[in-house]
Amino acid sequence: MLLSMNWIKDFVDLEGLDLEELIHRFTLSTAEVEDIIHKGADVENVVVAKIVYVENHPDSKKLHLLKVDTGDKIWDVVCGAPNVREGMLTAFAKEGGKAGGMTMEARKVGGYMSYGMCCSEVELGISADHSGIMDITEDVALGTDIKELYPIDDVIFEVDNKSLTNRPDLWGHYGIAREFAALADRPLKPHVLHDTKQYDNLDAVSIDIKDTENAYRYSSIKVENIKVNRSPMEMRIRLFYCGSRAINFLADLTNYIMLELGQPMHAFDKRRVDKIEVQRFSEEFKFTTLDEVERTIDPSMLMITSNDKPVAVAGVMGGLDSSIFDDTETLLLESATFNGVSIRKTSTKLGLRTDASARYEKMLDPEITVIAIQRFLELMFKVDPEAKVVSRLTDCYPTKYDTIKLDFDKRYVDRYTGIDITNDRIVKTLTSLGFDVTNDGDNFSVVVPSWRATKDVTIPADIIEEITRIYGYDNFKIETTKAALYPVEESAGRNNDNQAKDILVKKFKLHEVHSYIWCDSKKFENLGMDVEDNVRVINAMTVEHTVLRNSMVPTLVCMAHENRGYAPSYGLFEIGRIVKGKRENGEANERKTLGVLLFSQTKTEKELFFELRDIFANLASDIKHKELSFENIAPVHNWQHPKNTVAIKLDGVKIGEMATAHPTVASKVAKKACVVFGEIDMDDFAENKKAAINYNEPSKYPSMDIDLSFVIGKDTKYSDLACVWQNASYEYLTGASVVDNYDDGSVKSISIRFYFSSKEKTLARTDIQPVVDDIIAKLAAKGINMKA
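Numbering (our numbering) for the sequence shown: 233 to 1020.
Below is the structure:
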């Protein structure tokens, strides 16, 4: 937001102060100032001049030969402006002067010497109008410096809007002036307002608020006989410096009030709008706004109507048919306050964010609606004294905020600030910010002003912030904090998370990622992943974040897709929240899970699959000192491979799944890429008790390994084979693991490595052969034979 120091000076005397230092203090205390612009610094030696002679250039249809009188000299000037005429007063940059980023020098233009330049408003930096040279209508002496006639010199500073999100009172110059007055210890001047009590005997404006939950207050008045169409130059300059373009006097004045008080206003052409209703409609319909765009209005959107005909989207933008035209002489002026949440939702749905909606969604002060109208009339009559008010100021105020009163004492302030701020300083600071303060010894009672009570100052701690920021955070003495230190409470879940992260990063070189629980369903669908079972967000913050994820895998797949081409192989993991439907009470069933994804354009799916299995197995063995079991299952989600999906079990209880990516999904992630992923429930993992570590002294004699391959059925599981040796007590056999499997569609086989060891001797083949023969025989009895 752009702010004018000249405008602020209307309300607080800053004479003798270093403005840049004051702006710096404003940054420290209130809101971040991103830039300071010195307007008028590049305009020098530009004066009011009169064109006393105009002759067309003999060799050019666009150029004119002028004689320009500055009161002290007649200047020969070559000018290409289309609007030059004899007797015209304009802004003239003398030889040696500056305007439009140039220093004026005598030079030939079109074969004729030209001394100085007649300036347009663009060249003076006071508007975007470059249609011709400036046409000065004021009665002013020739040679008068243009900066004496118009407030061209100004200090403009830009405030980061994000800093003002919780401060609706700072969306206008008067609120900013209040901050400067408090910082500079100067009095704040009151508004100069028009007396509207004189119209109390006139007819009221018909106002009917049908939706009092979303329309808090609506004030209106009718004005006729408006003759002035063009705004005064000072108003146009201020609007331009603050980023608003001049349109016509009435539209400019509503924008001016918004920038001054932070209160949006709207002027309707009274010929088209004679009465007001504030309501919502039961069905959708089309409505054309001021920007000439036809928009769809749904039943959730608040509308301003006249005789039930829509004339404006409340708090966002007026309608095209009821807008102010150049020939408008009668108007119905509105100043209202709406529910900020309602306005924000409407603005988001329509994709239409305006200066008005940006302010309304901050929860504006409803007490300012009448003040805005009175200020509008005061400025209007200064410019157009022949205008006539033809109704009373009608105020419909169905929904009022409760008065907020906060009590605290000096000890409370001292405890929070750590410094001794005197009672007088506390009272003076709060009073300068508009708070009503009652002080009884060390006890304080504060009534929060209406412009801070909509959502900003609600608890005593907020009062501490007001006191300390004006006191100056940079004035605090830096001291070491003295506070009791308590041991961090142990949490099995947090410990498991941290251990898992250490293992995944340090041992397996995976990259940790972070993402939101809400996600873009379109991204999932574009990669071939369904979101039908996902919980949908009713009031999504953005159109992209419409569902809550029910698995970590799709998020990781999207990340792999977005990072395709950066590396041939890598692994990602995230520990985060997912939502597995709803509980019986309707609340979301949140679970914490670990998702892991491996991506490679150089390895096979088989290699990646076993790498991922080893990763999960290591997590279980290192953290829980237990072994995982893996069991083939049918795919649970459509992104899992129909054949290569397994359940991950700990102590026989399923805690997750792992799979290779469905070919459709893998092909969309990247060309010629292999993708595998898995996910385990970290809440279930944390609840599983850690096994005790039993130390077995390793044998000093060499061990022996034997690989055996078996032909198995399509539905045969590893556990069907493992039960043979796990349920027996074979001498010397210390373990077994799968080293390979094969499936060509017709024949399926598995290779198992058996480990043998003795603590008493070096084993020979004759020692272990009886065990091998017995295992082969028992498997043969189950129909599982050795591979030929």
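Don't be surprised by glycine CBs; every beta carbon is placed ideally from N, CA and C.
The structure presented is a predicted model; accordingly, all values stated were derived computationally and were not measured.
Per DSSP, residue i forms a beta bridge with which residues?
{"i": "Lys-340", "result": "Met-345"}
{"i": "Thr-528", "result": "Lys-518"}
{"i": "Gln-872", "result": "Ala-893"}
{"i": "Glu-806", "result": "Gly-827"}
{"i": "Pro-542", "result": "Thr-537"}
{"i": "Ala-879", "result": "Glu-863, Glu-889"}
{"i": "Arg-768", "result": "Val-779"}
{"i": "Asn-315", "result": "Asn-315 pairs with nothing; no bridge assigned."}
Determine the direct distance from the alpha carbon of residue j to that of residue i, and round the result to whole angstroms.
{"i": "Leu-662", "j": "Ile-691", "result": "14 Å"}
{"i": "Asp-435", "j": "Ile-699", "result": "47 Å"}
{"i": "Asp-1002", "j": "Glu-819", "result": "Before going on, a small fix: residue 1002 reads as Pro here, not Asp. One C-alpha to the other measures close to 60 Å."}
{"i": "Glu-911", "j": "Ala-996", "result": "43 Å"}
{"i": "Lys-741", "j": "Leu-844", "result": "13 Å"}
{"i": "Arg-418", "j": "Ile-702", "result": "13 Å"}
{"i": "Ser-861", "j": "Leu-759", "result": "30 Å"}
{"i": "Leu-534", "j": "Val-789", "result": "41 Å"}
{"i": "Ala-960", "j": "Asn-821", "result": "43 Å"}
{"i": "Met-784", "j": "Leu-829", "result": "10 Å"}
{"i": "Val-659", "j": "Ala-499", "result": "41 Å"}
{"i": "Val-555", "j": "Val-437", "result": "The sequence given here places Ser at residue 555; Val does not occur at that position. C-alpha separation (whole angstroms): 18 Å."}
{"i": "Asp-764", "j": "Asp-530", "result": "In the sequence on display, residue 764 carries Glu and not Asp. When rounded, the distance between both Cα atoms is 25 Å."}
{"i": "Asp-688", "j": "Ile-695", "result": "10 Å"}
{"i": "Val-505", "j": "Leu-582", "result": "24 Å"}
{"i": "Ala-954", "j": "Gly-945", "result": "15 Å"}
{"i": "Arg-470", "j": "Ala-568", "result": "24 Å"}
{"i": "Val-878", "j": "Asp-634", "result": "60 Å"}
{"i": "Phe-258", "j": "Gln-872", "result": "57 Å"}
Give me, in chain order, the residues of the same chain whose beta-carbon lies closer than 7 Å to that of residue i; leave out the 5 immediate sequence neighbours on both sides.
{"i": "Lys-293", "result": "none"}
{"i": "Ala-325", "result": "Asn-277, Val-278, Ala-331, Met-336, Gly-348, Met-349, Cys-351"}
{"i": "Lys-442", "result": "Glu-509, Val-510, Gln-511"}
{"i": "Tyr-802", "result": "His-743, Phe-831"}
{"i": "Asn-539", "result": "Lys-507"}
{"i": "Glu-252", "result": "Ile-268"}
{"i": "Ile-240", "result": "His-405, Ile-408, Ala-409, Phe-412"}
Leaving out the 5 sequence neighbours to the left and right, which residues in its chain are closer than 6 Å to residue i when beta-carbon positions are compared?
{"i": "Trp-403", "result": "Gly-494, Arg-591"}
{"i": "Val-1029", "result": "Outside the shown range of the chain (233 to 1020) lies residue 1029, about which nothing can therefore be said."}
{"i": "Arg-1039", "result": "Nothing can be reported for residue 1039: it is not among the residues displayed for the chain, which extend from 233 to 1020."}
{"i": "Thr-428", "result": "Gln-606, Leu-625"}
{"i": "Gly-475", "result": "Leu-234"}
{"i": "Asp-915", "result": "Arg-823, Lys-824"}
{"i": "Arg-796", "result": "Ala-902"}
{"i": "Glu-456", "result": "Thr-562, Lys-620, Val-622"}
{"i": "Asp-729", "result": "Ile-807"}
{"i": "Ser-682", "result": "Asp-597, Glu-599"}
Please name the residue in the options whose C-alpha comes closest to that of residue i.
{"i": "Asp-1006", "options": "Leu-995, Met-1018, Ala-996", "result": "Met-1018"}
{"i": "Gln-833", "options": "Ser-899, Asp-688, Asp-417, Lys-687", "result": "Ser-899"}
{"i": "Ala-323", "options": "Met-334, Phe-389, Met-345, Ile-283", "result": "Ile-283"}
{"i": "Glu-697", "options": "Thr-262, Ile-536, Leu-425", "result": "Thr-262"}
{"i": "Pro-542", "options": "Val-525, Ser-532, Ile-358, Thr-521", "result": "Thr-521"}
{"i": "Ile-365", "options": "Ala-331, Lys-394, Asp-734, Thr-397", "result": "Ala-331"}
{"i": "Thr-397", "options": "Val-309, Tyr-285, Gly-572, Ile-240", "result": "Gly-572"}
{"i": "Asp-371", "options": "Ala-724, His-362, Leu-381", "result": "Leu-381"}
{"i": "Tyr-964", "options": "Ala-954, Lys-980, Thr-998", "result": "Thr-998"}
{"i": "Ala-273", "options": "Arg-257, Ile-600, Ile-384", "result": "Ile-384"}
{"i": "Ile-453", "options": "Phe-608, Ile-600, Pro-630", "result": "Phe-608"}
{"i": "Asp-616", "options": "Phe-640, Val-460, Val-679", "result": "Val-460"}
{"i": "Ile-810", "options": "Lys-881, Met-773, Asn-782", "result": "Asn-782"}
{"i": "Leu-184", "options": "Lys-949, Asp-706, Val-979", "result": "The first residue shown for the chain is 233 and the last is 1020, placing residue 184 beyond what the model contains."}
{"i": "Gly-551", "options": "Glu-524, Gly-357, Asp-558", "result": "Glu-524"}
Which same chain residues end up closer than 8 Å to residue i when comparing Cβ atoms and leaving out the 5 residues on each side of it in sequence?
{"i": "Glu-711", "result": "Gly-650"}
{"i": "Lys-754", "result": "Glu-776"}
{"i": "Ile-603", "result": "His-423, Leu-425, Leu-493, Gln-495"}
{"i": "Asn-433", "result": "Arg-624"}
{"i": "Tyr-344", "result": "His-289, Leu-297, Asp-308, Val-310"}
Spell out whether any CB of chain C is found under 8 Å from the CB atom of residue i.
{"i": "Cys-790", "result": "Reference to chain C is not applicable here, since this structure consists of a single protein chain."}
Practice task
State whether the stretch 453-473 contacts the stretch 513-521, with contact taken as three or more CB pairs (one from each stretch) at a distance under 8 Å.
Solution key: no
Problem - Given 8 Å, three or more beta-carbon pairs between the stretch 235-245 and the stretch 396-411 - result: yes
Practice task
Evaluate the contact criterion for the stretch 485-493 versus the stretch 628-646: three or more CB pairs, one atom per stretch, below 8 Å.
Solution key: no
Exercise for the section: Decide if the stretch 834-841 is in contact with the stretch 777-789; the criterion is three or more beta carbon pairs, one per stretch, under 8 Å apart. Expected result: no
Problem - At least 3 beta-carbon pairs within less than 8 Å: the stretch 925-937 vs the stretch 861-873 - result: no
Exercise for the section: For the stretch 575-594 and the stretch 538-556, state whether three or more C-beta atom pairs, one from each stretch, are separated by less than 8 Å. Expected result: yes
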